[in-house]
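Peer 1: Starting off with a structure, shown below.
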Amino acid sequence: MRTALTILRKDLLLELRTLETVPAMVLFALTTFVLFHFGLARPSIDGQLAAGVLVVTLLFAALLGINRLFVAEREQGGFDAFLLAPVDRTTMFLAKATGLFVFLAVLELIAVPAFALLLLKPSLGEPLPGLIATLALANLGLSAIGTLVSGIAVHTRARDLIGPIIGLPLLIPALIASSHAIAPLLRTAHAATAPPGKWMAILALYDVVFALLAYAVFDFLLED
Amino acid sequence: MILAAAPALPLHKAGPYVAAAYIVFLALILIYVTIMAIRLSRAERELTELARERARRDAQPRDRELERV
Amino acid sequence: MHVYGRGLRGLSLATSATLTAALILVFFYAPLDADQGFVQKIFYVHVPLAVVSLCGFVLGGIFAVQHLRTGDRRNDMRSYVVIHMSLIFAVGALITGSIWARASWGHWWEWNEPTLVSFLIVFLLYATYQPLRFSIEDPERQARYASVFAIVAGAFVPLNFIAVRLAQQYVHPRVLTLGGGNLPGPMRLTFIVSLFGIGLLYATLCKYELTAKHARRQLRALRRNVLGDDAVRPLQRSAAPS
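Chains as they are written, first to last, in my numbering: chain E, 2 to 225; chain R, 279 to 347; chain W, 7 to 248.
Here's what the structure looks like:
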């Protein structure tokens, strides 16, 4: 556990000092909202359309972060150093996944209000707790799968390409569940205050299954 | 063209679609068989070549260095 | 040394017999569907292709688990062949499903048919299997990473089907149903025989492929033995386990 915290601290410090990944993710999300505005040619959106736009944009922005997750380790020999150290190898997975979760949380902290400002018709006041809960669950799944896919992709030749094409199909159930969970929250008329339990349950199941699976197989990616 | 509420396509219209589906299935199998046939003939050619080479080497006179001992 | 070809002849005979029986049953025994008529006959080739392909993907995951546990490269070979074959069967399922949608509903794709949509997603995922393998040069690492992928993807398949099925439930009823829900007796028999036939076909083709790969590997070793190291072309970067 201490190893995981050390690696996590290292990654967060690195990001804080260089500010490479998270600002890019946020900018990408904001730009995408503008693109959607022009692409959809509407003043504002609500309901399922809004949920879809929000979740898909967050997903693509997350891919930027996922692509860069292990790059430093690969280029500066971090993998070799880690393999030599007498620590449990799964701590790398825990640390990286937690780091990704933090990045995603920061991304959403900025992107969701921006979304409310730029595109959303109904106000975000009442459904906010439900929205936060759903996004938190979605982030869990995204972090688990993202870390796994990034670990696979970093050792291939087509690094930036392999990550998204493997990750996106794997994330489709999470996308379906989160967008269906958020949609009732963003309706203008008869908006719900809590996301539907069915979709939250599916999201939670997805998170549990893939987090455990990713945790179990990640070791095999690190062997030399 | 079918209307949403109309019953099934009559036989002469439905026939081509069913035939197409089964032909796709057959075509996939046949393509695979063809690929395997090509690989098999290539493997056989290589085997005969190896066998011939082996026979040729067995028929050659032994290396003189070995015989001197 | 494991001989892959043993039993291949018996298996292929069984496959031919079962598939022939299935075809006869489909066109001469199974009754016409009340709703869809003759078009429903596609069901007997589309659904078995889909079912067998899905089982194959999960089987690929199982072989991958074995590979990671034992380190035996043969399991990686089996995983590769099984996934490759399942992908081909999946393409067949997608095409036949699309033809069925066109015949039933008028257009080539139908988002309201959860099976077709789930299949598209699974196909998109497994289509990345070969590019992934191809982009890793070290063969041992390639095998290991491919196994990790196969395990995660294999676990993904059932989850994906559940999620897509649930997403469609409240929107539209199933398009490509069988008109009644439960299959009547003659239809059920025909379906089971078709399923069996296509399952046997899958097993036969996989065995065929494994035998061919193994034979090629032995041929390479023999060539090196007889002609010396220089006569053997070095293995280029490839997606298939050698």
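Using N, Cα and C, we set each Cβ at its ideal position, and we do this for glycine too. All values derive from a computational prediction rather than experimental measurement.
(1) Please list the segments of the alpha helix (DSSP H) lying wholly inside the stretch 14-59 of chain E, counting only runs of 4 or more residues, in order along the chain.
(2) Verify the CB distance criterion: does Arg75(W) have a CB-CB separation below 8 Å to chain E?
(3) Is it right to say Trp5(W) is buried, meaning 16 or more other beta carbons lie within 10 angstroms of its own, or is it exposed?
(4) Taking only three categories from DSSP, how would you classify Leu184(W)?
(5) Could you pull out every residue in the same chain whose Cβ sits closer than 6 Å to the Cβ of Asp99(E), ignoring the five residues on either side in sequence?
(6) So, for Met193(W): in the same chain, excluding its five sequence neighbours on each side, which residues have a beta-carbon less than 6 Å away from its beta-carbon?
(7) If you draw a straight line from the alpha carbon of Tyr208(W) to that of Val97(W), how long is it in whole angstroms?
(8) In terms of DSSP beta bridges, what is Gly43(W) paired with?
(9) Between the stretch 85-101 of chain W and the stretch 60-67 of chain W, are three or more C-beta pairs nearer than 8 Å?
(10) Is there at least one Cβ from chain W nearer than 8 Å to Leu325(R)'s Cβ?
(11) Between Thr22(E) and Arg90(E), how many whole angstroms is the CB-CB distance? I'm expecting something under 8 Å.
(12) CB Ala182(E) to CB Leu206(E), shorter than 8 Å?
(13) Would you mind sorting Val158(W) into buried or exposed? The rule is 16 or more other CB atoms within 10 Å of its CB.
(14) Is the Cβ of Arg317(R) closer than 8 Å to any Cβ of chain W?
(15) Any beta carbon of chain R sitting closer than 8 Å to that of Thr24(W)?
(16) Counting only beta-carbon atoms, is Tyr216(E) nearer than 8 Å to chain W?
(17) Look at Thr33(E) and Lys97(E) and say whether their C-beta atoms are less than 8 Å apart.
(18) Alpha carbon to alpha carbon, what distance is there between Tyr310(R) and Leu36(E)?
(19) Going by DSSP, which residues form a beta bridge with Leu121(E)?
(20) Whose Cβ in chain E lies nearer than 8 Å to the Cβ of Thr121(W)?
(21) In whole angstroms, what separates the C-alpha of Pro145(W) from that of Thr312(R)?
(22) Spell out a yes or no on whether the stretch 74-91 of chain E and the stretch 115-128 of chain E are touching, meaning 3 or more CB-CB pairs, one atom from each, closer than 8 Å.
(23) Can you grab the Cα-Cα spacing for the pair Leu108(E) / Leu132(E), in whole Å?
(24) Have a look at Asp235(W), Arg239(W), Arg229(W) and Phe125(W) and flag the residue whose alpha-carbon is nearest the alpha-carbon of Ala329(R).
(25) Check whether the Cβ of Leu328(R) lies closer than 8 Å to any Cβ atom in chain A.
(26) In its own chain, which residues sit with a C-beta less than 8 Å from the C-beta of Tyr132(W), not counting the 5 before and 5 after it?
(27) How many whole angstroms separate the CB atoms of Tyr135(W) and Phe162(W), which I take to be in contact at a CB cut-off of 8 Å?
(28) Kindly give me the distance between the Cβ atoms of Leu64(E) and Pro165(E), rounded to whole angstroms, as I take these residues to be in contact under 8 Å.
(29) Taking Cβ positions only, does Leu308(R) come closer than 8 Å to chain W?
(30) Confirm, please, whether the CB-CB distance from Ala193(E) to Pro185(E) is below 8 Å.
(31) Do you know how far the Cα of Gly66(E) is from the Cα of Phe104(E)?
(32) Residue range of the alpha helix (DSSP H) that His181(E) falls in?
(33) Do Arg84(W) and Leu211(W) have their CB atoms nearer than 8 Å?
(34) How big is the Cα-Cα spacing for Leu222(E) and Leu19(W)?
(35) Give a yes or no on contact between the stretch 67-77 of chain W and the stretch 104-123 of chain W, applying the rule of three or more CB pairs nearer than 8 Å.
Peer 2: Walking through what the data contain:
(1) 22-41
(2) no
(3) Examination of residue 5(W) is not possible in this model, given that chain W is present from 7 through 248 alone.
(4) Caution is warranted here: a pLDDT of 47 is assigned to Leu184(W), below 50, making its placement in the model unreliable, and no coordinate value can be reported.
(5) Note that residue 99(E) is Thr in the sequence shown, not Asp. Only Leu9 meet the Cβ criterion.
(6) Ala36
(7) 14 Å
(8) DSSP, once it has assigned bridges, lists Asp39(W) as partnering Gly43(W).
(9) yes
(10) yes
(11) The Cβ separation is near 24 Å, so there is no contact.
(12) Cβ atoms of Ala182(E) and Leu206(E): not closer than 8 Å.
(13) buried
(14) yes
(15) no
(16) no
(17) no
(18) Going by the C-alpha atoms only, they are around 46 Å apart.
(19) Beta-bridge pairing links Leu121(E) to Ile46(E).
(20) Chain E residues near Thr121(W): none, gap ~15 Å exceeds 8 Å.
(21) Here the alpha carbon of Pro145(W) sits roughly 28 Å from the alpha carbon of Thr312(R).
(22) no
(23) 14 Å
(24) Arg229(W)
(25) Absent from the structure is chain A; the protein chains it does hold are E, R and W.
(26) Phe63, Ile89, Ser92, Leu93, Ala96 and Ala159
(27) Between Phe162(W) and Tyr135(W) the Cβ distance is about 12 Å, and since that is not below 8 Å, they are no contact.
(28) 5 Å
(29) no
(30) Yes. Within cutoff.
(31) 8 Å
(32) Residue range Arg160 to Ile183 is occupied by the alpha helix (DSSP H) that includes His181(E).
(33) No; because the gap between Cβ atoms is not below 8 Å, this pair is not in contact.
(34) 42 Å
(35) no
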